[in-house]
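Per this note's numbering, residue 784 is the first one in the sequence shown, and the count goes up by one each step. All C-beta atoms in this analysis are idealised placements derived from N, C-alpha and C, irrespective of residue type, glycine included. To start, the structure itself, in structure tokens.
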Amino acid sequence: MNILADIAYHGLRALLQLLAHPFYYVGILFIVLQYRRQIQFERKLFHTKLHSLISETWRTLLWGWIGGLAASVLMAVVGATIQPEAVILLWILSLLLILFRVRFLCWAYAVGVIGVLQVLSSSIDALANVMPAWLLDPILSLNLPALLALVAVLHLVEALLVRMQGARTATPMFYESKRGKIVGGYHMQGFWPIALFLLVPLQGGSANPLPWTPLLGGNLWSGGWTIVGFPVMIGFAELTMSRLPQQKARMSARLLAVYACLVLLFAIIAHEWPVMTLVASILCIALHEGLLLYSRWDEAKRTPIFVHDQRGLKVLAVLPGSAAAELDIVPGEIIHKVNGVSIRTKSELHQAMQMNSAFCKLEVLNLEGESKFLKRAMFSGEHHQLGILLAPDQDAMYYAEEKHTHIFAYMRKKLVGLLSKPSGTKPM
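Set out below in structure tokens:
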């Protein structure tokens, strides 16, 4: 019971420490800006929105706490020692890095950069003399194997969050394919502010010994321990034109899990053989970049799926709570017939729906190419709209750039990242 009482006491202090941390609220602000931009894209492309700013923000915060508790348990097993100055340094470096790319907010880049600076400044006197003492001393004092272990655990939690919530972050978009045709796709981007609580060795801390021996703990824990709380941002960004969001999320989660295991292996190697710290730090960055390059290569060799064909109109997305959602129409399916009429264009779809303003019969080709027959009464105001967002045709008014945007694009009131076309398309 003494160990449980100690954990509860130190945990409450860590919770207050977390809630007083200014970077936690910086993370929340970033989440709000992200969803605001996402909704701007939806309104511009489809004249409606698929996500709610308030509900998505609260859901993200909730999953951040769930992921943080899971990461905290894993880190307690690993036994990494994270100093308070390391947290401040990682946040400052991450905020500087996102001036170049938003995806650099991930701590894999900050930890990798710090590891390289630590090894070089400790082995090259000229570099150590150039760096100011207020920066050099904290860098040299950091425990790099522990920070690498933290990166590994965070990416394992990220893999779980992407697997469970990644598809929900997907925003339907219009893109220009490699052949110059406008096709449908999804931009999947999610960030979670993780509430992390770490057991750390501390002289004069709890007198009760831990009931387990942490992996990287050694004899550091004999002098007592306490719990510290601090925020961490984790997130991912993917683009797909050749897979459904659920499929892309599963693929990304598997790759992130493999990356997490490799980085944890590097952390153990660097802990046992400090001479490998530089290699581990470089690989921490290089393998993370490799995930992005592999995703781009995989998309480039595959055929876009959100395009219309001779069978009918391809469904890109379905509005929540709409008639199409009630009929269980899902993205990737094809609207083949409406009220018994085969359709090939959006104008034909509109004309077929007007044939019967009180009732709608659909023949839809599911993801396996098999027909399913749906019918639903149409009420006042619904006769012209099912709640389906269709894949684009060549009359699309806008399409999105594929390149990653910088942080200033999130702060601007004007939407950045859309290219104009002469005419437009609207959801049916």
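Under 9 Å between the Cβ atoms of residue i and residue j?
i: residue 1119; j: residue 1154; result: yes
i: residue 1104; j: residue 980; result: no
i: residue 853; j: residue 931; result: no
i: residue 928; j: residue 868; result: no
i: residue 894; j: residue 1044; result: no
i: residue 1112; j: residue 1147; result: yes
i: residue 1047; j: residue 896; result: no
i: residue 798; j: residue 1012; result: yes
i: residue 848; j: residue 947; result: no
i: residue 1061; j: residue 899; result: yes
i: residue 1183; j: residue 958; result: yes
i: residue 819; j: residue 1193; result: yes
i: residue 933; j: residue 901; result: no
So for residue i, helix, strand or coil by DSSP?
i: residue 1085; result: coil
i: residue 1014; result: strand
i: residue 1210; result: Residue placement at residue 1210 is flagged as unreliable, the pLDDT there being 46, under the threshold of 50; the coordinate-derived value follows with that caveat. Three-state DSSP puts residue 1210 in coil, outside helix and strand.
i: residue 1143; result: strand
i: residue 967; result: strand
i: residue 1205; result: In this predicted model, residue 1205 has a pLDDT of only 48, less than 50, meaning its place in the structure is not dependable enough to derive any value.
i: residue 839; result: helix
i: residue 960; result: coil
i: residue 883; result: coil
i: residue 1098; result: strand
i: residue 1092; result: strand
i: residue 1113; result: coil
i: residue 1174; result: coil
i: residue 866; result: coil
i: residue 907; result: coil
i: residue 850; result: helix
i: residue 1008; result: strand
i: residue 984; result: strand
Whole angstroms are fine: how far does the CA of residue j sit from the CA of residue i?
i: residue 1023; j: residue 969; result: 5 Å
i: residue 1166; j: residue 1136; result: No answer about residue 1166 holds up, because its pLDDT of 44 lies below 50 and its placement is not dependable.
i: residue 954; j: residue 816; result: 15 Å
i: residue 1117; j: residue 1099; result: 9 Å
i: residue 977; j: residue 839; result: 16 Å
i: residue 905; j: residue 1028; result: 46 Å
i: residue 1083; j: residue 1057; result: 40 Å
i: residue 858; j: residue 1008; result: 14 Å
i: residue 801; j: residue 861; result: 21 Å
i: residue 983; j: residue 796; result: 14 Å
i: residue 1160; j: residue 1170; result: 14 Å
i: residue 785; j: residue 1025; result: 55 Å
i: residue 803; j: residue 887; result: 25 Å
i: residue 1041; j: residue 1127; result: 43 Å
i: residue 1121; j: residue 938; result: 46 Å
i: residue 1059; j: residue 1071; result: 18 Å
i: residue 1076; j: residue 791; result: 44 Å
i: residue 1081; j: residue 915; result: 44 Å
i: residue 807; j: residue 918; result: 23 Å
i: residue 1140; j: residue 973; result: 40 Å
i: residue 876; j: residue 809; result: 14 Å
i: residue 1142; j: residue 856; result: 55 Å
i: residue 1053; j: residue 814; result: 34 Å
i: residue 1069; j: residue 1010; result: 32 Å
Out of the options, point me to the one whose CA is closest to residue i's CA.
i: residue 941; options: 1033, 796, 964 and 1025; result: 1033
i: residue 1085; options: 871, 960 and 792; result: 960
i: residue 871; options: 890, 1177 and 1117; result: 890
i: residue 1173; options: 1139, 925 and 1102; result: 1102
i: residue 1181; options: 966, 1160, 943 and 812; result: 966
i: residue 1152; options: 1160, 1106, 1095 and 1128; result: 1095
i: residue 1176; options: 963, 903 and 899; result: 963
i: residue 1110; options: 1012, 798 and 1145; result: 1145
i: residue 892; options: 975, 858, 947 and 1016; result: 1016
i: residue 866; options: 926, 952 and 1179; result: 926
i: residue 1078; options: 1013, 1128, 1019 and 1059; result: 1019
i: residue 728; options: 887, 1170, 823 and 956; result: Only positions 784 to 1211 of the chain appear in the structure, and residue 728 is not among them; the question remains open.
i: residue 833; options: 822, 843 and 810; result: 822
i: residue 1090; options: 1080, 819 and 1115; result: 1115
i: residue 1107; options: 1157, 918 and 935; result: 1157
i: residue 874; options: 902, 805 and 907; result: 805
i: residue 843; options: 933, 1037, 944 and 902; result: 944
i: residue 1021; options: 1054, 1088 and 949; result: 949
i: residue 1129; options: 1149, 1093 and 1150; result: 1093
Return no unless some Cβ of chain C is closer than 9 Å to the Cβ of residue i.
i: residue 948; result: Absent here is chain C; the protein component of the structure consists of one chain.
Report yes or no: do three or more beta-carbon pairs, one from the segment 827-836 and one from the segment 871-888, lie closer than 8 Å?
no
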